[in-house]
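This report refers to the structure that appears directly beneath it.
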């Protein structure tokens, strides 16, 4: 196995080396004394955007091994150099579509090898969708801990936020979970990621369209179980005030769900499990919200996605198949890829939806992740005192990873096992509210 | 026809001649040729009558014999056997035998298993081989059987025996534990000093849930037979492991027989200390002459083992003690011999989770097994009756005191429920609020009683001998334990559905068996031909008439033929063949399994404001009798062919065997439709509640769903075939080394033998398919496994230095496994609507839900995986220092050769760890 990986790695290096040779010909050689490589970036712009109309364009090189970032203006000057290494290269810029319409252009090339002089990095870019809808402001998927240290997951929740300056209606908004995990990359076929997200759970907020207004700066709390969890786990908090809960009917006491009488249920469209749905406790999935323009029956009938992939094991290469639902990218309102630093393999949504990922804890099954959430960063507080959160469709940039959940702050419950209670209230887990 | 009647006539006539034709008394004395001391309790065999006498305290023996010529042979441990020919005429005669001390035999020991030259394939391992092997438990002896290799003792799990098979492999060719094939070990009978070690009443375990990560999973012996960890080897004189068709005398087995005889002779005080990476062992034993030829043996053994030497929380301890009395009485009518024994075996497992590593979690497991046993073996050798020469009466009784204690911190990760009723019907369950400490106890008190009486005799002429044996035995097994004890409100896991059970209420298992066996020995120019014909009948008596087995007698016919051919130049060839049926009756657990409880939620109302007072969980409980009244005994049919040749001290045996078992026990899932009411909780207004909501006031829908429960079935198939070979060479005197080559090729098939229900996980339109339809499939699992190994053992014995060392090269040439083909289309399906089985037809495949019952497989799943060779070098040495001391050491896998190999493009690299230890033996 190791040998294969080694071969693969050398293959990649050799491939990269050959492509460099063909592209750069026999230009200058890699500067051995400084370890710097000359690099150029080609941003492949979306249709309708002319390179001449680009302003404020930058390219950020993030060295994967050292974490050091270098930001350069685009187009790069001909003598642009970076230290040889493996990079995530992010492109950001603005363009005028016409005289009045301005769009943000974003793109990322992950794990680009810049090992030789004259390396060319190509970045596919897309127009950043200006969100005129709710965004996910927080995901609390890790759960809390009981006195003994055992994990308690009944209190997981997702918070949505109205980041706009007008009322948005939550009616018909669907919460979804990605089928695939950010920690396990497979060659799923047909590959639909460019057009759709593969989902395994869909719960929709009921309503006719104008029943559930969310004021600017208002939140929607979606809970797993809308009860006061402190009855069961004194280290937890209450979710009785949740706006909605996802509830799964079960006839088996061994795996049952609790239906809080106070909290209305979301409408269950589909869930992969026969027991109950909970957020991935180690955070290996992507969570998002979508507005599905078709009704439930039509969706379940027409958007089934059957895929195949190969699982290579010692016992053989097994063609695997699976079934889930596909959610077209244009219906997706917001999506957040979650992962763990040591385990991240890929993003399970197209870069147009999310260019990065966020996390709680550093390693797989990190016990420090409990009592922590991912929360969207505060951009600024406007004159009305409304928080404007960062939304660049890049969860790495937009989210504060591994921070205290807002419900723990608001209810001033414990922030870690045997630890003190939350004292401060923040906008995003970092910036304190006055 | 004429010939047969002649033979019968001859048998009858010869019988009469013997009865009426006594001629004279032969008496004599057996003594040490060197110093003339009398040899007491020395075996004296009179051929061709096959009478065995024992000498009295002064070394005297005496027997009345008809006229004729006889070979009188005296054998005594540590002496060379001596045979004297006596011509018996009218007058009494004297026959004194003087035995030479066998310095060679004492100095030169057999350090390997010997292939038996008896009627069937068996390996015999004696004291010397055992002490050279330096075992921790009986498990370690199995290395000497063809097909086996040395293994590092695994004291953190029950050690179960498997004979003549590869074991269950996973997809990559490594052995996995699968309780569905427990008949492998359950079907191997362990007999200690004539009494079986009964495990049929063992019921210890943690509920019916099977989670392989739980400490109980690998240590559970219910339905699995004898845990070999608990057998100490230090008081064993010899072990015979019968792999072929056993004599009809032995039953209640499918696979084989392990016949253990313990030390019953005077020995100096022998103390043994052993230490290896994981364990320490101390044992002491002594055999005392108590006068009049009686002997008392006393011994004890203690072993303390850790699964990981760095972790004091997980370990295994064994404590055994034994007192054995052997008495001999010479009387007018013959000799009486009494072997009595009182034994204690304690076997203790402990496992605790490290609180520092598991966040303060409490997770403890303690399992203790204490067995008290009494064994009596009475044998009478009758010297005056021609038609009856031996009467044996065996009796044994054992009581086990088993206790399994489990203590766990249970912390449901979300609110959950505990069903608490012990009765069927509608009742309220309880929400489990918060974490708690759960205590679980299982108290078993299995009692096993065994009585056997048999008689045997011999008749015939010098060229034809007719030995017959018949007997009857009764086995009683019952568990008198208090059973499982725990608080239903605080179950051992948050998803618990099982209920406690009192073991004492379970009926007893009474097995009655009889057997007849005839051994015909014909000697002539064409060599010696032995034909053994046996028939054994087994029935369960007192079994409820609901059971199909009730009142039935299951017959095991068994035939073994052995032909010792005349010398062919330097070779003496022999050939043998056998065919037989073997039957293992079900255990108490398989016959009377724990009832299955089904709890279905009808109302699930959790009140947020008053969770303790107003919440209501209403359940409908069904109790399913998991007993299978049409259960049959597990039956194995086997045949084998043996070829052997001897040239001087060189000996080669090759055996081909073929065994077929299609009715092994397992628990399989069966499904039924269950009805319940689904109350609508959403109409409850929490603000108006003043007490728990009343289901009678709520609207409901009548529902029906399928659910499974487990039932004991005969659904296991194990087909075994293979070729076993053993070659013992003579000692090359220049090198003082002899070579033993053993090995085997095994091909074993493991699969289900009855169609199985499998639930699919698909959810169609919000409904789980498995709640409405369950497919019945002809084949669900199954693997064809193969292995081929050879062990080369060089044993070097330098008597002048008191040094014995063995070097073994153990090679597993390959291990191969492939899943058996299956098409995934169900043969039938169960429909929740009518609860009936329907044929799965082409139309069924058009139904959206039924379509999901077809399981798809691809060719890769049936591909063969083959491993590269594994070669290990093991080294063992024993050095005698002075008269009292012996030091031994061993290193298994001192060197290894484990070449890399590729499977499916992936390189597999393997490594092996050495297993080493030393021991000190003191003889005072």
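Protein chains in written order, with the numbering used here: chain L, 4 to 437; chain V, 358 to 1281.
Cβ coordinates follow ideal geometry from the N, Cα and C atoms, glycine included.
Source: prediction; values computed, not measured.
Check                                                                                                                                                                                               : Outcome
Check for me: the alpha helix (DSSP H) holding residue 302/L runs from which residue to which?                                                                                                      : 299-305
Give the secondary structure of residue 1190/V by DSSP, where H, G and I count as helix, E and B as strand, and everything else as coil.                                                            : coil
May I have the straight-line CA-CA distance separating residue 961/V from residue 1035/V, to the nearest angstrom?                                                                                  : 9 angstroms
Look at the alpha carbon of residue 540/V and the alpha carbon of residue 480/V, and state the distance between them as a whole number of angstroms.                                                : 21 angstroms
Please name the residue in 426/V, 1217/V, 932/V and 1100/V whose C-alpha comes closest to that of residue 442/V.                                                                                    : 426/V
Any chance you could list the alpha helix (DSSP H) runs of at least 4 consecutive residues sitting entirely within the stretch 501-576 of chain V, in chain order?                                  : 540-543 and 572-576
Quick one: which chain L residues come within Cβ less than 9 angstroms of residue 1033/V?                                                                                                           : 254
Work out the CA separation of residue 869/V and residue 1208/V for me, nearest whole Å.                                                                                                             : 50 angstroms
Return the bridge partner residues of residue 840/V from the DSSP annotation.                                                                                                                       : 800/V
Could you name the residues of the same chain whose beta carbon sits closer than 7 angstroms to that of residue 820/V, not counting the 5 residues immediately before and after it, in chain order? : 879, 880 and 881
To the nearest angstrom, report how far apart residue 38/L and residue 62/L are at their CA atoms.                                                                                                  : 20 angstroms
At 4 residues or longer, and completely inside the stretch 180-240 of chain L: list those alpha helix (DSSP H) runs for me, N to C.                                                                 : none
Since residue 379/L sits in a beta bridge, which residues does DSSP pair it with?                                                                                                                   : 402/L
Which residues share a DSSP beta bridge with residue 1275/V?                                                                                                                                        : 632/V and 1246/V
Tell me the residue span of the beta strand (DSSP E) that contains residue 1222/V.                                                                                                                  : 1221-1223
Taking its Cβ as the centre, do 16 or more other Cβ atoms sit within 10 Å of residue 427/L, making it buried, or is it exposed?                                                                     : exposed
So is residue 970/V buried or exposed if we call it buried at 16+ other beta carbons inside 10 Å?                                                                                                   : exposed
What would DSSP say about residue 486/V, mapped onto helix, strand or coil?                                                                                                                         : helix
Could you compute how far the alpha carbon of residue 834/V sits from the alpha carbon of residue 579/V?                                                                                            : 14 angstroms
Straight-line CA distance for residue 1251/V to residue 1230/V?                                                                                                                                     : 6 angstroms
Which residue comes first and which comes last in the alpha helix (DSSP H) that contains residue 1126/V?                                                                                            : 1126-1129
Counting only beta-carbon separations shorter than 9 angstroms, does residue 230/L have a partner in chain V?                                                                                       : yes
Checking contacts by CB at 9 angstroms: is residue 718/V closer than that to chain L?                                                                                                               : yes
Helix or strand or just coil, what does DSSP make of residue 418/L?                                                                                                                                 : coil
Less than 9 angstroms separating the beta-carbons of residue 693/V and residue 736/V?                                                                                                               : yes
From residue 1107/V to residue 1173/V, what distance separates their C-alpha atoms?                                                                                                                 : 13 angstroms
Helix, strand or coil for residue 1098/V, going by three-state DSSP, please let me know.                                                                                                            : strand
Roughly how many whole angstroms lie between the Cα atoms of residue 655/V and residue 855/V?                                                                                                       : 45 angstroms
Are residue 307/L and residue 324/L touching if we call contact CB-CB under 9 angstroms?                                                                                                            : no
Counting only the same chain and skipping the five closest in sequence on each side, list residues whose C-beta sits under 6 angstroms from that of residue 1201/V.                                 : 1207
Can you check the stretch 647-688 of chain V for any beta strand (DSSP E) of at least 3 residues that lies completely inside it and give the ranges in chain order?                                 : 651-663 and 671-688
Looking at the structure shown, is residue 471/V part of a helix, part of a strand, or coil, going by DSSP?                                                                                         : strand
Would you please verify whether the beta carbon of residue 1118/V is less than 9 angstroms from any beta carbon of chain L?                                                                         : yes
Identify the continuous beta strand (DSSP E) that holds residue 423/V and give its terminal residues.                                                                                               : 417-423
Of the residues that make up the stretch 132-151 of chain L, which ones have a beta carbon closer than 9 angstroms to any beta carbon in chain V?                                                   : 146, 148, 149, 150 and 151
In this structure, what does DSSP give as the bridge partners for residue 435/L?                                                                                                                    : 429/L
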